[in-house]
Amino acid sequence: MTRLPNLKALHVFQLTAELGSMSKVAERLSVSQSSISRFIAILEDELGVALFVRRDGLTLTPAGRELAAQLTEAFQLIERGVRQAAQQDTGLRLKVPPSLGLRWLLRQGDVPAGVRFVPRWKAITPDDDGFDIGISYGLGGWPREQAVVIYREQLVPVCTPAYRAACGGGIRSLDQLVTLTLIHSDELGHDWQRWLTAWAGQPVDLPVDTALDTLDAAVQLALLGHGIAMADPLLVSDELASGALVLAHPNRYLSGESYHLVHRLPDRADPRVAVLLAWLRQRLGDQPPA
Numbered sequence: 001m002t003r004l005p006n007l008k009a010l011h012v013f014q015l016t017a018e019l020g021s022m023s024k025v026a027e028r029l030s031v032s033q034s035s036i037s038r039f040i041a042i043l044e045d046e047l048g049v050a051l052f053v054r055r056d057g058l059t060l061t062p063a064g065r066e067l068a069a070q071l072t073e074a075f076q077l078i079e080r081g082v083r084q085a086a087q088q089d090t091g092l093r094l095k096v097p098p099s100l101g102l103r104w105l106l107r108q109g110d111v112p113a114g115v116r117f118v119p120r121w122k123a124i125t126p127d128d129d130g131f132d133i134g135i136s137y138g139l140g141g142w143p144r145e146q147a148v149v150i151y152r153e154q155l156v157p158v159c160t161p162a163y164r165a166a167c168g169g170g171i172r173s174l175d176q177l178v179t180l181t182l183i184h185s186d187e188l189g190h191d192w193q194r195w196l197t198a199w200a201g202q203p204v205d206l207p208v209d210t211a212l213d214t215l216d217a218a219v220q221l222a223l224l225g226h227g228i229a230m231a232d233p234l235l236v237s238d239e240l241a242s243g244a245l246v247l248a249h250p251n252r253y254l255s256g257e258s259y260h261l262v263h264r265l266p267d268r269a270d271p272r273v274a275v276l277l278a279w280l281r282q283r284l285g286d287q288p289p290a
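Listed below in structure tokens is the structure:
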């Protein structure tokens, strides 16, 4: 071979090997699946070797596996080089969930120099060129080398001092609980059900009267004195410290969801990422245990 194969075809092949599905690649690139199939056929024709076995899905041939591994490394180097060349400053653009960004990160006074927080709900993706790194909330699922757990969500019931006084000092029993206004962050009341199961030792049939769409919205309603909401102590630390909110019950539980520092593979050796991770671990490590 006297020249390199078509670069687009190489990229399409690498993505197909990574995702294991032509339809997923077509969706990511916003093209038809037939276009993806055509690019791979062109590449196989140029190389004179089969890259996939097309039987009950796609399976890489030995030649396909070797090429995919080399292309993955090559495209990561290209991506990093392009992003570094396009970078106008040494700042680190960090995508964060709005609740964590607005309620905690942006209130810290000792953030590492050059880190710029941008609140966004959508998690960072490998082709998200608008950001260098992200904090994502959820159960995980990212490759271990691309994500680090920085904080495990805790939930505890909170309300205003006046509401706690009106209900006799907070949550005391299951019988009393049904007389209180519980503010839910989803229509199924998952957070309250999990807390009650952890507290009572068994599932509790609980009607969902007041339901919102986020924990942050539930906390805002609790701040207005309309009931008791589930909240992470980290995200309402200022309100707890000032006395605007108090614990309706001291029992906390780990929700099973966490905040992860997620980065692209080419960024794992970036010293700015290491500094940010060390700072996050130091600050979040100071939080009280569940």
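Heads up, the sequence shown is in this note's numbering, so the first residue is 1 and it goes up one at a time. Note that CB positions come from ideal geometry on N, CA and C, so glycine has one too.
Using DSSP bridges, identify the partner residues of residue i.
i, result
"K95", "V118 and G134"
"V149", "H260"
"T160", "In DSSP, T160 forms no bridge with anything."
"F52", "L60"
"Q154", "L254"
Give every residue of the same chain whose Cβ lies closer than 6 Å to the Cβ of residue i, excluding the five residues on either side of it in the sequence, and list them in chain order.
i, result
"L15", "V25"
"L221", "I183"
"Y137", "P97 and Y259"
"S255", "E153 and L155"
"L7", "none"
"E239", "L245"
"E18", "none"
"D216", "S99"
Given that a residue counts as buried once 16 or more other Cβ atoms are within 10 Å of its Cβ, and exposed if not, what is residue i?
i, result
"G20", "exposed"
"V12", "buried"
"A248", "buried"
"S185", "buried"
"L139", "exposed"
"P112", "exposed"
"V178", "exposed"
"A278", "exposed"
"V118", "exposed"
"R116", "exposed"
Given residue i, which residues of its chain have a CB within under 8 Å of its CB, disregarding the five upstream and five downstream residues?
i, result
"L188", "V208"
"I171", "P157, L177, L180, I228, A248 and H249"
"Q282", "none"
Between the C-alpha atoms of residue i and residue j, what's the straight-line distance to the nearest angstrom?
i, j, result
"W104", "P97", "11 Å"
"D191", "L94", "28 Å"
"L284", "I150", "7 Å"
"Q146", "L92", "17 Å"
"A162", "L261", "38 Å"
"A229", "L196", "13 Å"
"R164", "G109", "32 Å"
"P271", "A69", "25 Å"
"A274", "V53", "41 Å"
"I302", "A198", "No statement about residue 302 is possible, as the shown extent of the chain runs from 1 to 290 and does not include it."
"P233", "P250", "11 Å"
"T59", "E46", "20 Å"
"L180", "I135", "35 Å"
"A294", "R120", "Residue 294 lies beyond the range of the chain shown here (1 to 290); nothing can be said about it."
"L67", "R80", "20 Å"
"L10", "E73", "13 Å"
"A50", "H263", "33 Å"
"E44", "P5", "10 Å"
"T61", "S32", "24 Å"
"L100", "L212", "18 Å"
"R194", "F39", "49 Å"
"G225", "C159", "7 Å"
"L280", "V236", "18 Å"
"S35", "G141", "29 Å"
Note down, in chain order, each residue of its chain lying with its Cβ closer than 7 Å to the Cβ of residue i, except the 5 sequence neighbours on either side.
i, result
"L174", "A200 and V204"
"L206", "G189, W192, Q193 and L196"
"C167", "L180"
Return yes when the C-beta of residue i is under 8 Å from any heavy atom of the ligand GDP, and no when it is not.
i, result
"L47", "By its list of ligands, the structure shown contains no ligand whatsoever, and the ligand GDP lies outside what it can speak to."
Checklist line | Those runs of the alpha helix (DSSP H) which lie wholly inside the region 174-248 and span at least 4 residues | finding: 174-177, 190-200, 215-223 and 237-242
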